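Worksheet: one structure, shown below.
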Amino acid sequence: MPKDNGIGASPKRREDVRFLTGRGRYVDDIKLQNQCFAVFARSQVAHGIIKSIDTSEAEGMPGVLAVFTGEDFTEVGGNPAGWLIHSRDGEPMKEPKRPVLAHGKVRHVGDAYAAVIAETYEQAVEAAEAIDADIDEQDAIVDMAAALANSDNLVHDEIETNQCFDWGWIEDNRAATDEAIKNAPHVTTLELINNRLIPNAMEPRASTADYNPGTGHYTLYTTSQNPHLTRLLISAFVMGIPENKLTIIAPDVGGGFGSKIFHYGEEALVLAASKKLGRPVRWTASRWESFLTDAHGRDHRTTIELATDKEGNFLAFRTSTLANVGAYLSNFSTVTPTILHGTVIAGNYTVPLTYVNVKAVFTNTAPVDAYRGAGRPEATFSVERVIDKCARELGIDPIEIRRKNFIKKEQFPFLTAAGLEYDSGDYHALMDKLEEMADFDGFEARKAESAKRGLLRGLGINTYVEACGLAPSNLAGILGSRVGLYESATVRVNATGNISVMTGSHSHGQGHETVFPQIVADMLGMSADDIDIVHGDTSKIPFGMGTYGSRSMAVGGSAIVRATEKIIEKATKIAAHMMEAGDGDIEFNDGVFSVVGTDKTVTFPEVAFKAYIPHDYPIDKLEPGLEETAFYDPGNFTYPSGAYACEVEIDPDTGKVTICSFSAADDVGNVINPMIVEGQIQGGLGQGIGQALVENCVYDENGQLLSGSYMDYTMPRADDMPFFNVDQSCLTPCTHNPLGAKGCGEAGAIGSPPTVINAVVDALSHLGVTHVDMPASPARVWAAIQAAK
Amino acid sequence: MYNFVFEKPTTVAEAVAALASEDAQALGGGQTLLPTMKQRLASPAKLVSLTGIAEMGGTSSTGDVITIGGGVTHADVAAGGYGAISKLAGDIGDPTVRNRGTIGGSLANNDPSADYPAAALASGATIKTNARSIAADDYFTGLFDTALEDAEIIVSVDFPVPLSSNYQKFEQPASRFALVGVFVAKFADGVRVAVTGASEGGVYRWTEAETALNANFSADALDGLSVSADNMISDLHGTPEYRANLVKVLTGRAVADC
Ligand SMILES: Cc1cc2nc3c(=O)[nH]c(=O)nc-3n(C[C@H](O)[C@H](O)[C@H](O)COP(=O)(O)OP(=O)(O)OC[C@H]3O[C@@H](n4cnc5c(N)ncnc54)[C@H](O)[C@@H]3O)c2cc1C
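Keeping their order, the protein sequence lines are chains R and X.
Just so we're aligned, residue 33 is where the first sequence starts under my numbering, counting upward by one.
Just so we're aligned, residue 2 is where the second sequence starts under my numbering, counting upward by one.
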C-alpha cells in the first residue's frame, strides 16, 4: 500500500500545478471560432414598471447581431425554486415567475431587461448603452418589516403579498415551547442581525453557449458547481432543450461558495442567442455585475429566546426570523432559511424543545440564496450568541453552561428537539481539546497585559454542530426538495491498469482531483498518481448533483467507494477465471489477488488487461471490460461539530478589533487528506471572520447597492487573520457512510462568527455592552462603547 | 472604456500644448483616472501622459526643503527617507498603486480621503506648476477641487522640513484610503495640523489644535478640545460623530509620536 498517497496521507494538491502556473482553463479562457459577445442592459433602479424598451438604435449600431428583451422569452418557462416550502397554515409558498430577462417590471438594481449580441465586446457595450428603456420608477421595497406591513407596494403584484411563506419548525412543538418559555425561571432574549454578504468568488460568473446547427446540439460552458443540475433546470423548466441535446461543461471554476450552484438567466440568454445566430455567444460578468447579480447570502433578522432554569439547564429555544429572499426566488433560496436553518437550532444540546418561525420576504434587492454554510451559520450564530448572553446573566462560565447541556457521547444516536438524528459526536472531548489548545488559564494575565497598552481583551467561546453531506433523498423529498441529493461515480479501469474516475461532484477549489484518487488508491492498492478524476462535463460523467453543503467527500466520495467495490467484485471474478479457482476462494489485498491456501497470484493490472483482451474469456459468465458506476444516496445528514475559542483586543478609542488568537477543534469525521481538511477549515474560518468583522452588503432606502465595489465592500485579507491553531484529532466517524467522513467545507464559516462576536462582547461587557451586530466594524464597536457610557 | 488618443510628451511645455485641445486630460500614474475610464465615468478625448517628462521626475533636498517632482511615484517617495512623508507614501494603496501613482496625480485629484493632501497642508508645502507657485493653504479648495486651472500641471512640490512630524492614518476597512488621517508638523515658528478623510469640505487645518499645541506640544494639550461632528462625512464606514472622534484621537497619537 503506497501510504504516501492513500487515505490519511497529505499529497500536495495536483490541481495547483495548473492553477499556479497559469494553465487553468476557466470559461473565459475558452475561445471558440466565430464567437460573439453578449452584454446586458441592467436596471439602475430597484423597482420600476417597464413602459417600453426601444432597441432600434442599438440594433443599427456597428457589429450588432441581435438584441433581446423580456418579450423574446414569454414562451419559455421561469427559473424555478428547487424546494417547496409550506407555510404554517399548510399553504404552499408563493412562487412568482423568474423570467430570463425582466418583463413588465424590473425588481432590483442590476436586473437585466435586455441583452445585446455583437461582434466585439466593446460594440456590445456601446449598443447596450443605446437601448432606450422607459422605466417608471416605483418606491423601492428594501426593509423587510416594511415590506410585510405594506401590501400596496409589491415586488410581485401577481402574488398579492411580499411574503413568500411563514414557516414553523416544528409546528407541533409551538404550543409546548411557548408554554415552557412562559413558565421558565429565566428567559434570555436577543435581537440580532445576520448580515447580508456578497459571495465574491475570485472568478466572476461566465457562460459561453455553442449551438451547432448541423447537429442541433447545444454546448454550454458555464461557471457551475453542479452542471447536471443546471442542465436539468434548463431542460425541464426553463427552455425545454432535451437533455440529450444539451451538454454542460463547468471546466475550472474559480470559487463558488454557493453562488454558482444556481442557474441564472444569463445562461439561458446565451443559449437562445447562440441558437438564433448559429454562432458561439459568450458572456463574462464584470465585477460590478457580480456584486449586483450573484445570489447574495444570509440577511436574517432574528429574535431568539432561551429559557433556562436557575442552574442554566436549557429548557427551550424559540426564534422568530425575517429572511430576505430578494427580488426573485433563486433555486435554493427557500430551503436555506428553513430546513437548513431550523433543523439545527438545537445545536449541540439536549434541550427538549425548540421552535423556529421564519417569514421569507421579497424585496427589491438581488436574490439571496445559499452561501457557505447556508442557514447553519445563521442558526449557530443565534443559538451561540443567546447562550453567551444567558451565561452572563446567570453568572455561569460560558464553557460550563455549554458542557452542562451537551449531548453526551453515550447518548448518540440522538434525536434532537429540532427533529434531526445526530449519528455521532463527542462534544466534551472537543471542549477538552480546546481547553488544552487555547490556554484559558493564561487569559487573565494576557488581559492585564493588553490593558497596560490601553486595549480591552475579550475571550469568546463557541461550539457548533451542523447538518451537511446533503442529503438523504427520501428525507429531502419529505421536506420539500424537488430533486434527489445522491451522488454518482464511474470508475473506469483502463486496459493498462490506470484509472479514470468520473464523479458527479464538482471541484471549484476544493481539491477533489487530489483527494478522490487517494480513496481509490487505498482500496485498489495502487498509487494515486495512476488515477485521474474527470468532473464537470455532463457528456463525460454520470448524472451527479454537484458540490455544495459539504457533500463531496461524504456523498461523492462514498459513491466512489461503492463503484470501486463493484470493480473489486468484478475483478475478483476475472482473477478467479485467470487462476482457475472459484470466486469464493479469491482474496484481494494490496493490489494482489490470490487463491486462498495456494501461492497463485495475479495483480490488479493483469486482471485489468485481461478484462479488455478477453481471448479466453468465459463470455457466458463474464462481460468484458472493467468499468462500474454507483449512485450513492446517504442514510442521513452528517453532523460535523467543533469547539472554537478566539481572543480579541479592542482599541476603545477607535473601536478597532484585532484578533489575537483563534483555536479550532473540529470533528469532521474520518479525514482522507489532512492538509486539504486543514485548508478547508482555515478558509472557512477566514470567511466567517470576514462576516464577523468586515463584510457587509448594504442597500440604501432606494435599493441602491452602497457596497457595490471593493472600495466599500470589505473583503477579509491576510492581515485581518491571526495564525490559526487548528486540530482535527478528536474525531468520531460518521456511522452511516463507508468513509466515516462528515464534511469540512462549511464548518469554519459556521463556527467562527459567533466565536468572534462572543469575544468582542466579552471585551466590552464590563461597560454594559450585551451585543454587537456583525460586522463588528471599528465605527460600530466605537458606537456601542459610546452608547453604553 | 471609450476610445481616446494617447500622447507622451517629453517636456512640460509640450505637455501644456498637448493639453490645450478640447477634452484632453493629463495622465499621471493612472491609478485614479484609468479605473474611472474603465467604468465609463470619464471619457477624455486625449490622454497626455506625464511619465516621460524628465523635469517632473526626481527628488532633492536642501536640508530645509524637500522638492518632489510631480511625476514621482509613491514608491519612490516611500524609499526616499523623508520621515513622515515617506511613511505616508509607503502606506498608500498596494504595491501596484505605489509603483504607478504619483504625488502630482494625488494632489491634482484631491480625493477627500487621500493622504498626500494632509502632508502638503500640514507641511505648508508649495505646489509648483508650469505657470506659478501655489501655497498649500490656497491650493485645496474643496472635495476633488483645487486651485489648478484647466491644463495646469503640477511640476513639483516643495515641502519645508519640520522639526518633527507624524502622520496617523486610520484606514477605511474596504478601500484602505484614510477614513481619517491626521498629519502634525512642528516647525520652529509653530505647529500645523491637517486632517484628511473627515470633512465634507476636504482636507483642512485644525486650527484649535494648532493653538493648543503651540502653547503646549503634548497630547494632553488636546484634552479640553472638542471636535464638532458638523460637516463631517457620513458613509458606510463611519458616522460624523465617529470621524470627529477619530480626528481628536489621531491628532493626539500623532503628537505623541512626533
Ligand atoms: C487600489 C487603490 C488604492 C489606493 N489607495 C490610496 C490610499 O490609501 N491613499 C491615497 O492617498 N490614495 C490612494 N489611491 C489613489 C492613488 O494614490 C492615486 O495614484 C492618486 O490618487 C492619483 O495619482 P495618479 O498619478 O495615479 O493620477 P492619475 O490617475 O493619472 O490622475 C488623477 C487626476 O490627476 C490629474 N493629474 C495627474 N497628474 C497630474 C499632474 N502632475 N498635474 C496636474 N494634474 C495631474 C489627472 O488628469 C487626473 O485628473 C489608491 C488608488 C487605488 C487604485
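Glycine included, every Cβ here is placed at the ideal spot set by N, Cα and C.
Keep in mind it's a predicted model, so treat the numbers as computed, not measured.
With respect to Gln760 (chain R), Pro684 (chain R) sits apart: the two C-beta atoms are not nearer than 8 Å. Distances between the C-beta of Tyr140 (chain X) and the heavy atoms of ligand 1 are all 7 Å or more. For Arg319 (chain R) and Val270 (chain R), the gap between their C-alpha atoms comes out near 26 Å.
Per the C-alpha coordinates, the member of R:Trp199, R:Pro217 and R:Leu52 positioned closest to Leu347 (chain R) is R:Pro217. Of the other Cβ atoms in all chains shown, 16 or more fall within 10 Å of the Cβ of Gly501 (chain R); this residue is therefore buried. According to the DSSP assignment, Trp199 (chain R) belongs to the beta strand (DSSP E) that extends over Gln195 to Trp201.
Within the chosen limit of 7 Å, ligand 1 reaches the beta carbon of Ser107 (chain X) through at least one heavy atom. Near chain X, meaning a CB-to-CB distance below 7 Å, the residues of the region 674-696 of chain R are Asp685 and Thr686. The DSSP assignment places 488-497 and 519-525 as complete runs of the beta strand (DSSP E) inside the region 459-528 of chain R, in order along the chain (cut-off: 3 residues). By the criterion of a C-beta distance shorter than 6 Å, Val157 (chain R) is surrounded in its chain by Val71, once the five residues flanking it on both sides are discounted. Cβ contact annotation for Ala282 (chain R) (same chain, cutoff 7 Å, sequence separation greater than five): Thr254, Thr255, Ser256, Pro259, His538 and Gly568, in chain order. The C-beta of Tyr745 (chain R) comes closer than 8 Å to at least one C-beta of chain X. Restricting attention to alpha helix (DSSP H) runs no shorter than 4 residues, the region 27-69 of chain X encloses them at 34-39, ordered along the chain. With a beta-carbon spacing of about 6 Å, Gly80 (chain R) and Asp168 (chain R) fall inside the 8 Å limit used to define contacts. At a cut-off of 8 Å between C-beta atoms, Ala16 (chain X) does not count as an interface residue with respect to chain R. Scanning R:Ile293, R:Val302 and R:Ile230 for the CA closest to the CA of Thr251 (chain R) turns up R:Val302.
Distance from Arg139 (chain R) to Asn396 (chain R) at the Cβ level is roughly 6 Å; contact confirmed, criterion being Cβ atoms closer than 8 Å.
Here the distance from the Cβ of Asn276 (chain R) to the nearest heavy atom of ligand 1 is not below 7 Å.
Burial is judged here by how many other beta carbons sit within 10 angstroms of a residue's own beta carbon; Gly614 (chain R) has fewer than 16 and is exposed.
Going by beta carbons, Ile551 (chain R) and Gly589 (chain R) fall inside the 8 Å limit. For Tyr518 (chain R), there are no C-beta contacts with chain X under 8 Å, since the nearest C-beta of that chain is about 41 Å from it. Neighbours of Gly198 (chain X) in chain R, taken as residues at a C-beta separation under 8 Å, are lacking, since the least C-beta distance is about 13 Å. In this structure, DSSP gives Cys422 (chain R) a helical state, which the three-state scheme calls helix. Listed along chain R are Tyr742, Met743, Asp744, Tyr745 and Thr746, each with a C-beta nearer than 7 Å to that of Ala175 (chain X).
Residue side-chain check: His75 (chain X) places its Cβ nearer than 7 Å to a non-hydrogen atom of ligand 1. Assigned with DSSP and collapsed to three states, His544 (chain R) falls in helix. With contacts defined as CB atoms closer than 8 Å, Val313 (chain R) and Glu235 (chain R) fail to qualify as a contacting pair. Around the beta-carbon of Val158 (chain X), 16 or more other beta-carbon atoms lie within 10 Å, marking it buried.
Residue state for Met2 (chain X) is assigned as coil, using DSSP reduced to three classes. With a threshold of 7 Å, the Cβ atom of Asp112 (chain X) counts as near ligand 1, since some heavy atom of the ligand is closer than that.
Within chain X, the residues His238, Gly239, Thr240 and Tyr243 have their CB atoms less than 7 Å from the CB of Ala811 (chain R), given in chain order. Relative to ligand 1, the nearest heavy atom lies less than 7 Å away from the CB of Pro36 (chain X). With its beta carbon at least 8 Å from every one in chain R, Leu42 (chain X) lies outside the interface.
Interface with chain R (8 Å Cβ-Cβ cutoff): Val250 (chain X) is included. Counting only runs of 4+ residues, the alpha helix (DSSP H) found wholly inside the region 169-256 of chain X occupies 208-216, in chain order.
DSSP, read as helix, strand or coil, puts Arg314 (chain R) in strand.
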